[in-house]
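Student: In the working numbering, the protein residues as written are 7 to 298.
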């Protein structure tokens, strides 16, 4: 565990140390010269121009010293946040390079009190996602436990994955391929983990709740019939007869659909299933057996 501002590592840089030492000497040298010229100017032995030049040299030396000191201070790495050390830090003697393309990672610090999950959402569904929507997710490490979360950010930059399907025919020695791109956006969730079970880089399977009806009347999707005149279901009445009842539907989720009009709680539905039977026939040969 580390605290914000805590020293994590010190980089050795002899060049910066030498530069700072030289800058310090220049400050002392130009400062002493400026004081001496102040005295000589006070007794009329030196002109005002000489005194101004000495002051300028002293101020320049001070600026160089401050810059060298600031550069050397950057070799002291401190933690920017409260958190824990993640992974294996760089060992003593590692050559460190700076830059934006391929810098050396000396140490990774993570704040595990606030955990985020990045989810890929297809472009066809991104319009249904809103900040604040509730989510549920599972991870492989705790398969029997469901965690909760909330949408905190919706990415504005699209990403694309490209897949190539190739098919071939051995009889004609022909092959063909097709390429398709899938556009998606990253959605960030704030995860709730009071027992601190979740770890970085875990794979999560996420379900985002895009709508909810408290008093919904769900029925199996298989019970819904769609015709030119509209949608209906078949209801079994108390007298044992069936009746086709027109209905209005709402939200569809998986194999369930919400009925907003036409049904009452407790109505019995008839679901028709089509069963395909395979028929086989055996042809009997009544010809006499061949002669011996």
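All C-beta atoms in this analysis are idealised placements derived from N, C-alpha and C, irrespective of residue type, glycine included.
Classify residue 239 as helix, strand or coil using the three-state DSSP reduction.
Tutor: Residue state, collapsed to three classes: strand.
Student: Sorted by chain position, which residues of the same chain lie with C-beta nearer than 7 Å to residue 11's C-beta, five sequence neighbours on each side aside?
Tutor: Once the five neighbours on either side are set aside, the close Cβ partners of residue 11 are 84, 85.
Student: Taking residue 119 as the reference, which of 200, 111, 110, 41 has the closest Cα?
Tutor: The candidate whose alpha carbon is nearest that of residue 119 is 200.
Student: For residue 261, which residues from the same chain have a beta carbon less than 8 Å from its beta carbon, with the 5 sequence-adjacent residues on both sides left out?
Tutor: Within the same chain, residue 261 has close Cβ partners 226, 227, 228.
Student: For the pair the segment 188–204 and the segment 140–157, tell me if three or more CB-CB distances fall below 8 Å.
Tutor: The segment 188–204 vs the segment 140–157: in contact.
Student: Given residue 141, which residues of its chain have a CB within under 6 Å of its CB, disregarding the five upstream and five downstream residues?
Tutor: For residue 141, where only same-chain residues beyond five positions count, the Cβ hits under 6 Å are 155, 195, 212, 214.
Student: List the residues that DSSP assigns as beta-bridge partners of residue 166.
Tutor: DSSP output for residue 166 lists 189 as bridge partner(s).
Student: State the DSSP-derived secondary structure class of residue 16, mapped to helix, strand or coil.
Tutor: DSSP places residue 16 in strand when its eight states are reduced to three.
Student: Around the Cβ of residue 139, are there at least 16 other Cβ atoms within 10 angstroms (buried) or fewer (exposed)?
Tutor: Buried is the call here.
Student: For the candidate residues 147, 148, 191, 160, whose alpha-carbon lies nearest to that of residue 167?
Tutor: It is 191.
Student: For a test of the three-state rule: what should DSSP assign to residue 1, helix, strand or coil?
Tutor: Missing from the structure shown is residue 1; the chain here goes from 7 to 298 and no further.
Student: According to the Cβ coordinates, are residue 102 and residue 210 closer than 9 Å?
Tutor: Not closer than 9 Å, so no.
Student: Got a sec, what are the start and stop residues for the beta strand (DSSP E) residue 65 sits in?
Tutor: Counting along the chain, residue 65 falls outside any beta strand (DSSP E), though it belongs to the alpha helix (DSSP H) covering 54–79.
Student: If distances are taken between C-alpha atoms only, which option among 8, 246, 111, 145 comes closest to residue 90?
Tutor: Considering only alpha carbons, the answer is 8.
Student: Could you tell me which of 162, 87, 60, 22 sits nearest to residue 71, measuring between CA atoms?
Tutor: The candidate whose alpha carbon is nearest that of residue 71 is 22.
Student: Once the 5 residues before and after residue 302 are set aside, which same chain residues still bring their CB inside 7 Å of it?
Tutor: The structure shown does not extend to residue 302, since the chain is modelled only from 7 to 298, so the question has no answer here.
Student: Mark residue 159 as exposed unless 16 or more other C-beta atoms lie within 10 angstroms of its C-beta, in which case mark it buried.
Tutor: Classification of residue 159: exposed, given that the 10 Å Cβ count is below 16.
Student: Can you find the residues in the same chain that come closer than 8 Å, C-beta to C-beta, to residue 39, ignoring five residues on each side of it along the sequence?
Tutor: Cβ neighbours of residue 39 beyond the five flanking positions: 60, 63, 64.
Student: Just to confirm my understanding: we take residue 243, look at its own chain, exclude 5 residues before and 5 after, and list those with CB closer than 7 Å. What are they?
Tutor: Within the same chain, residue 243 has close Cβ partners 249.
Student: Helix, strand or coil: which one does DSSP assign to residue 37?
Tutor: Looking at residue 37 - three-state DSSP - the assignment turns out to be helix.
Student: So the candidates are 78, 135, 258; which of them puts its Cα closest to the Cα of residue 216?
Tutor: Here the closest residue by C-alpha is 135.
Student: Suppose the cutoff is 8 Å on Cβ atoms and the five residues either side in sequence are ignored; what does the same chain contact list for residue 19 look like?
Tutor: The answer, listed in chain order, is 78, 81.
Student: Check residue 89 in the structure and name its three-state DSSP category.
Tutor: Residue state, collapsed to three classes: strand.
Student: In the DSSP assignment, find the unbroken beta strand (DSSP E) run with residue 151 in it and report its ends.
Tutor: 148–160 is the span of the beta strand (DSSP E), which, as asked, contains residue 151.
Student: Can you name the start and end residues of the beta strand (DSSP E) that residue 141 belongs to?
Tutor: Residues 140–145.
Student: Kindly indicate which residue of 208, 67, 96, 162 has the alpha-carbon position closest to the one of residue 28.
Tutor: Per the Cα distances, 67.
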